[in-house]
Amino acid sequence: MQPGLYHILFISTALFFIGVYGFFTRRNLVTMLMSVELILNSVNLNFIAFNKYLWFDKMDGLFFTIFIIAIAAAEAAVAIAIIINLYRSHNSIDVEQTEELRY
Amino acid sequence: MNDFLTLMKPELVLTGIIFLLLFIKIGKGISNEHLLLLLQVLLLLNFLAGFFYNKPGSLFDGMYLTTGLIVLQKNILNLAVYLISLLFANWFKRLQHMPEFFMLMLCALLGMFFLISSGNLLMFFLSLELATIPVAAMANFDLDKKRSSEGAMKMILSSAFSSGIMLFGISLIYGATGTINFTEIPLQLHGSTLEVLAFIFFFAAFAFKLSIVPFHLWTADVYEGSPMAATSFLSVVSKGAVAFIFLSVLYKVFLPLQVLWYNLLVIVSVATMVIGNLFALRQQNIKRFLAFSSIAQVGFILVGISGSSMQGTSSVVFFILVYVFSNLAAFAVADAIATKTDAEEIDDYRGMNKTNPFLSWVLALALFSLAGIPPTAGFFGKLFLLTAGASKGSYLFIIIAALNMIISLYYYLRVIRAVFMEKNENPIEKITIEPSTKLALIFCSAGIVLIGLLSWIYDYIQSLV
Amino acid sequence: MNLSLLILIPLLTAILLLLLRNATQVKWVALAGSALQLVLAFVLLYNFRQQRIEGNTAQILFETSYNWFPSWGISFHLGVDGISVAMILLTAFVVIAGVLVSWNVTKMTKEFFFMLILLSLGAYGFFISLDLFILFFFLEIAVIPKYLLIGIWGSGKKEYSANKLALMLMGGSALVLVGLLGTYFSGGVHSFDLLKLSQLQIPVQTQMICFPLLFVGFGVFTALFPFHTWVPDGHSSAPTAGSMFLAGISMKLGGYGCLRIATYLMPQAAKEYATIIIVLSVIAILYGAFATMMQKDLKYINAYSSISHCGFVLLGIGMLTKTAITGAVLQMVSHGLMTALFFAVIGMIYERTHTRQVSEMSGLLKKIPFVITLLFIVGLCSLGLPGLSGFVAEMTVFMGSWQHPDTFSRAATVLACLSIVVTAVYILRAVTKVAMGPLTESFEQLKDAAWNEKLAAIILLAAILAVGLAPNWLINLVSPGAEIIMQKMQ
Amino acid sequence: MPNTTLILLIILLPLAGFVMLGIFGRKYFGNTSGVIATSLLLLSTALAFYTAYGYFFKYGKVDGMYQKLVPFKYTWLQFSPGLSIDMGIIIDPVSVMMLVVVTFVSLMVHVFSLGYMKSDERFPTYYAFLGLFTFSMLGLVVSSNIFQIYFFWELVGVSSFLLIGYHYDKPSAVAACKKAFIVTRFADVGFLIGILVLSYSSGTLDFNTLIANLTSPQTNEYKNAIAASFLGMSALTWGLILVFIGAAGKSAMFPLHIWLPDAMEGPTPVSALIHAATMVVAGVFLVARLFPVYAIAAPSALNLVAYVGAFSALFAAVIACTQTDIKRVLAYSTMSQIGYMMFALGVSKYGGENGLGYTASMFHLFTHAMFKALLFLGAGAVIHFVHSNEMKDMGGLRKLMPITHLTFLIGCLAIAGVPPFAGFFSKEEILLAAYQHNQGIYWIALITSALTAFYMFRLYFKIFWNREHHPLHEHHGEGGFSMMMPLVLLAIGAAVAGFIPFGHFVSSDGTRLNTGFHLQFSIAPVALGLAGIFIAMWMYKKQNAIPGKVAASLNGFYKAAYHKFYIDEVYHFITKKIIFNLIGRPAAWFDKYIVDGLVNATGNGTEDFSATIKKFQSGKVQSYAIYFLAGAIGLALLFIYIWK
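Protein chains in written order, with our numbering: chain A, 1121 to 1223; chain B, 12 to 476; chain C, 2 to 491; chain D, 22 to 665.
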């Protein structure tokens, strides 16, 4: 059968919460970053779906998606750089190790 | 084309400076002192340039728009960056990657300019990221400090997370309204459940940037971890930029949801003031202390925003202007002390006025302004915010805000007390500060005293709204 | 005359002080500045009386108004009536005396005198401003100098007292602020202008909300029970001039505010709340007096007695008769002068004996007759001896309060009258213990008052006698103001 | 018409003395200050006599009635249109008489002090204080306005305080002056409230208007004042009773008398002036001032005056019999004599023959001023001679100080009411008045007069007889001319003052009142008086065991009387135990721990709360994200479902 908007929205929402769950639970910083990517991808799915099913006369959603992908890459780059730096100073990329700043 | 040049002047000038820096970096023939001097001059010119050849208009069919008020806001940010370049000269000179730092800072500033001028959600998103990601990198510039990288990591991760949430919200808005254009969205909004959800997710991003409770938790850690210059940039410039765009987004784009966001603002601003103050009470580290106090300040800004659009806008812009001077002065003093003697605890400041009267009095003035004590400008800023908020006539809200002023006074006085009253055998030794820094501090003090008393400044802002 | 001079002169003095380097110059500049203020106050008095004699019956004289934040309906609007003139005179006297007694301050002299002048600036501005915003502005200007004066130059548990004082006063002014905002928006005209607001009828339910806010807010300043606890600690920790300014000027800001803002703008609410005000003030009077009996430290004695004496101010305001309100203002003036002199004398004694414990002093009259004679005079003034200012004020309050025929106010008045016995008890116990009896041998070689102390004392004494011996001029000055407030009651 | 300037001078000259000596005395005048003050006072005395002469024999009388003249009046403090404190001068028989008495006695005391206080380092201050007192007293007696009286009332109070505490390094003196001030102050509160009541019910503070308003039954003020009743008595009665409380305080009536004996700590001439002749009779004067109101509008208040006066008279007389300090004996006798004056007023009525008591009271006031001042100054001379107040250090002084002895004897005879000395006439009139209007009081008075004679002669014999020759060998004279002259003058006064036809001048309504001499009536008092004298002679002329026996025989009562019936202890208990411990201490405690505690508690509470919530800032970036999302979703739910 032809998948409808709701299927896609369901998938994207699931993806969103999987990403959130990952972000909350994973110890490894890089993995957390990946789960953020999941969130962004779910957003992308949303945009595409809305664009295709509801507002197909304009292509705003499409462009948005492309830009999100680009930005995500940039963000990832900086994040990775920072994480490497963190590894230099902490000798680990375990989020548990980074609780010096608190209260 | 000509139009394009004038309307985008601030961004273009800034881009020019950034490229210049890039070339200098490649060429690397120039020492920090000279480069810093050059930059200070350039930034000053940039700031002054902001006053000429401005006219309202929009570009890229409404993606980019500018008005007199927006230009003024950009200039306030320019001024802040210029002051930063002066105030933290001590630190900059000893920084080996200074050009990069400035490049990042100016990129972020560029992002903020676009953010303020953005007329559409895509533009908004892009510029917001441009304004955020470099700051995260800046936060990491104390390469040898563990805390610095930790702070940077926290910043980049949580900001990525928050932008994820925001994008989710944006996507829902797009889904609900079918447009990402600021001028068209209000026409499509009807207050449906989906829109409420979308708005609140969207709002969460602002809340994150402005560090509104409960989205504030990253703030203190990042402030403490990152170098003082980055902290002050973060707490003054980026906050200011986001507040500016927040104003226009609320008053223009989400006008149909006004009832919703008024109640929302009341709740979060009370929470923000209370939590910020309560946390600031027990802080020992001066940066952390200022972080929480700035959170409380944001609470007050929200009180102002909750008011009617005219007075709300003008009072917020005015307050940001005041806040630039007071907060930068405070941070600068803290930095001057921290770079010479790694003293960042409030207790280290005890008996400081014996050895460093100048710094002590500037700090006192800045803190009084933050606490909203006359005749400093902070008094006027706070009072206008409260008056704007009171126009909706909810006494309880205003009483809570007013009582929070007392709590905040309490902890500001803690610092004053440490500096002036408590005894200490070995206070901080005499600190010699750069002439440029001293000049900037005097300028800040003058600003703190005068901005409020010279009422035409406020009237000018009012006239632009 | 142009009233902004009253703000400009302290301002210029302060700026000049900042520029100066050495301490002696600072002192003399401060003295000159305060002397100029005194002269100015007298000029003001003279012109004011001239105007009145020439038959100018306008409520407010010498109005001047400058644009200031017009978009908020704020204007730098100045003007005086008799009450404010009286207050300004009081301020001028206390300021110059305060500058004189702190002649020997060595620690951060410049900043010290700067703070004093700043405080006086706040007081003058407060008394002459007809715009609620700038009135509030000046009210808060006066707070931080007090904090620093106590915290930096004070003694005893100064940090604690300074904190307490600053926070409680700020709390008071926060309430005032909310009340002001309430009036600002309720009035319909978005204006802070006192005269404009007094013209229009503020809706009663707004009054019922705003009046308590304003009254309690200002009441904190003038030691309204139970918000008085900053008074004892603050006064006793402050340096001499600090306590003089606190009790002499800053407590009067509150009384003036209660009268000029709360009662004047919101007559209906004032009527409604009168009972509560009277009860609280009577409590303050008696309770303060009895608490004073138990104090051992001279400064605490005077501080607690200030609570009791300021109770008379609030009683007079609460009674809402013309005579009573006049009496309240007289009591403000009288108590200001008297308590300033009292603190000055305590300071002189402390500088010599290095103690303020009554029990540790005895027979000082033999060694420092001038100072102790002052102590006697001021003590007698505070227990209301005829010929000194206290008598005039208290009697006027009593007379005014008695004009209410109902039993409640009668009872209140009688209770208030009883306090004058208690006053006599604690004043005499302290004064006779310190002055009379065999001389404590450790005080064999004390020096009597120096020129500056003598001058300060004589200035204040002259004022006290001027009020006490020929009160009519002051009454004629004040009572028209009270008259206008009463007219609004009807 | 009276010459206003002269009358003003009478009052202001002493003030001038006070200001001059008070400010410059110690620097410039030194020992000459005594002379300066005395000469100033001499001048005003002369003026006072001149005024009296003018008033009584020239202009005072208009068709058979002495007028109340108000030659001078200045509005000093305007409360409200009707009510104002006026500084005025009222000239009527009483005030003129008082002018004479005050100036004359004060002059005597000034002169006496020249010798008595010589070689005292605070000589100028002493005279300054005397000047202040004289000024205030004169101002008091000429007051034309009830608040003016209160004004000077306080001033005499404070000058008495200063003079009692003159020897400020003696703790007993300090205690005494404090006590005197506070007790009278307490009474003054009554006076003050009384003034408020009267002012409200009469609508004025001016004596003449006030009396006019409150004594003529057709005025509204009168009607209202009588109508308005509180606890069963009319407002007016209350007001007058309160005023009388003030009067009783000044005049040392029971139970407010406790300050008077201790007040003897002051220099003896001061006691003579303030605590015998002038200030203590201010209360009597005040009641006399308001007499028409008492008599016409509030008889019940007047009765109170009568009984309090009578009781005080007897009470004091009994105590006086047991005291050993000669000044205290005199103090109690003063109290008793003032009791006489009081009940004389109390039993009197207004107008005509019935006003006898009023006249008698004023007459006794006049004569008493003479002989009591005389007695005190005599006692002063004795003390000056033996350097002690105690009877046991005296005895057999009649040879050593003849003049003192003689004058003192005259004084004793006068107070004992032995004809033809002054006391006899006045006392006899009082008794007559009492006899006519109130028998009970008459008997009390009679007993009192016998006691008076007894204790006065006990005093006399103890001082001047009782042992043959005084152990004091070196004989340094009984004081110079300056000390003897006043004694002699006062003795003459005490001897002959009685022959003045007083009723012709002073009477309740200003008309002439003929006070005849009733032989058959005066037998009883005189006989009793002589009896008292002889008993005293029998007991004390020679040293013997009788007094001890007598004391032992009625030991309980004697003890009680000796300890002044423990009134002081009662007061001490009330003040220390009740006021201080039950009110003062709790108040201070409440302030320290409750009110202040609350303030501190708010501060600490906030601190603690902020400490408890710090764990939200856990440092875990993931928990931050959780709060973030929870916040977003929470707000969303709030606004979608709860707060639409």
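Every residue, glycine too, gets a C-beta built ideally from N, C-alpha and C.
- In this structure the segment 210-217 of chain B touches the segment 643-660 of chain D; the number of beta carbon pairs closer than 8 Å is three or more.
- Under the three-state reduction of DSSP output, methionine 108 (chain D) falls in the strand class.
- The distance from the Cβ of glutamine 295 (chain B) to that of aspartate 346 (chain B) is about 17 Å, inconsistent with a contact at the 8 Å cut-off.
- Contact of alanine 653 (chain D) with chain B is assigned, a C-beta pair being separated by under 7 Å.
- In the DSSP assignment, glutamine 202 (chain C) falls outside any alpha helix (DSSP H), carrying neither H nor E.
- For serine 639 (chain D), the residues of chain A that pass the 7 Å Cβ criterion are Arg1222, in the order they occur in the chain.
- At least 7 Å separates the beta-carbon of asparagine 151 (chain B) from that of alanine 142 (chain B).
- Residues Gly103, Asn234, Glu242 of the same chain have their beta carbon placed closer than 7 Å to that of glycine 224 (chain D), with the five preceding and five following residues left out of the count.
- Look at the segment 336-421 of chain B and you find these whole runs of alpha helix (DSSP H), each 4 residues long or longer: 363-366, 368-382, 388-401.
- In the DSSP assignment, lysine 244 (chain D) falls within the alpha helix (DSSP H) that extends over 241-248.
- Between tyrosine 137 (chain D) and proline 290 (chain D), the CB-CB gap stays under 7 Å.
- A straight line joining the alpha-carbon of lysine 48 (chain D) with that of arginine 349 (chain D) spans about 36 Å.
- In the three-state DSSP reduction, tryptophan 73 (chain C) falls in the helix class (H, G or I).
- From the beta-carbon of asparagine 1205 (chain A), the residues of chain B found nearer than 8 Å are Asn151, Leu154, Ser160, Ala163.
- Note on proline 71 (chain C): under 16 other CB atoms within 10 angstroms of its CB, so exposed under the neighbour-count rule.
- Residues of chain D whose Cβ lies closer than 8 Å to the Cβ of isoleucine 211 (chain B) are, in chain order, Ala653, Leu656, Ala657, Phe660.
- Neighbours of threonine 204 (chain B) across chain D, judged by C-beta separation under 7 Å: Ile661.
- The segment 236-249 of chain C makes no contact with the segment 199-218 of chain C: fewer than 3 CB pairs, one atom from each, lie closer than 8 Å.
- A buried status is given to arginine 261 (chain C), since no fewer than 16 other beta-carbon atoms sit within 10 Å of its beta-carbon.
- Tyrosine 95 (chain D): member of the beta strand (DSSP E) spanning 90-99, first to last residue.
- Residues Ala149 of the same chain have their beta carbon placed closer than 7 Å to that of glycine 43 (chain D), with the five preceding and five following residues left out of the count.
- At a C-beta separation below 8 Å, valine 207 (chain B) has these neighbours in chain D: Ala657, Phe660, Ile661.
- For tyrosine 93 (chain B), not one C-beta of chain C is nearer than 7 Å to its own C-beta.
- Judged by their CB atoms, leucine 122 (chain C) and proline 11 (chain C) are nearer to each other than the 7 Å cut-off.
- Histidine 78 (chain C) sits in a strand when the DSSP states are folded into three classes.
- Membership of glutamate 1216 (chain A) in any alpha helix (DSSP H) is not indicated, and neither H nor E is assigned to it by DSSP.
- If you draw a straight line from the Cα of valine 279 (chain B) to the Cα of glycine 287 (chain B), it comes to about 11 Å.
- Counting only Cβ-Cβ distances below 7 Å, aspartate 617 (chain D) has contacts in chain C at Thr230, in chain order.
- In this structure, DSSP gives glutamine 51 (chain B) a helical state, which the three-state scheme calls helix.
- The C-beta of glutamine 202 (chain C) has fewer than 16 other C-beta atoms within 10 Å across all chains shown, which makes the residue exposed.
- About 5 Å separates the Cβ atoms of alanine 58 (chain D) and glycine 38 (chain D), confirming a contact at the 8 Å cut-off.
- Leaving aside the five residues that flank leucine 325 (chain D) on each side, the residues in its chain whose CB is nearer than 7 Å to its CB run, in chain order, Ile262, Phe265.
- Per the coordinates, the alpha-carbon of glycine 323 (chain B) lies some 58 Å from the alpha-carbon of tyrosine 221 (chain D).
- Judged by DSSP secondary structure, tyrosine 137 (chain D) falls within the alpha helix (DSSP H) whose first and last residues are 114-137.
- About 6 Å separates the Cβ atoms of glycine 319 (chain C) and serine 282 (chain C), confirming a contact at the 8 Å cut-off.
- For the segment 398-412 of chain B, the set of residues with a beta-carbon nearer than 7 Å to any beta-carbon of chain C comprises Thr398, Ala401, Ser402, Gly404, Tyr406, Ile409, Ile410, in chain order.
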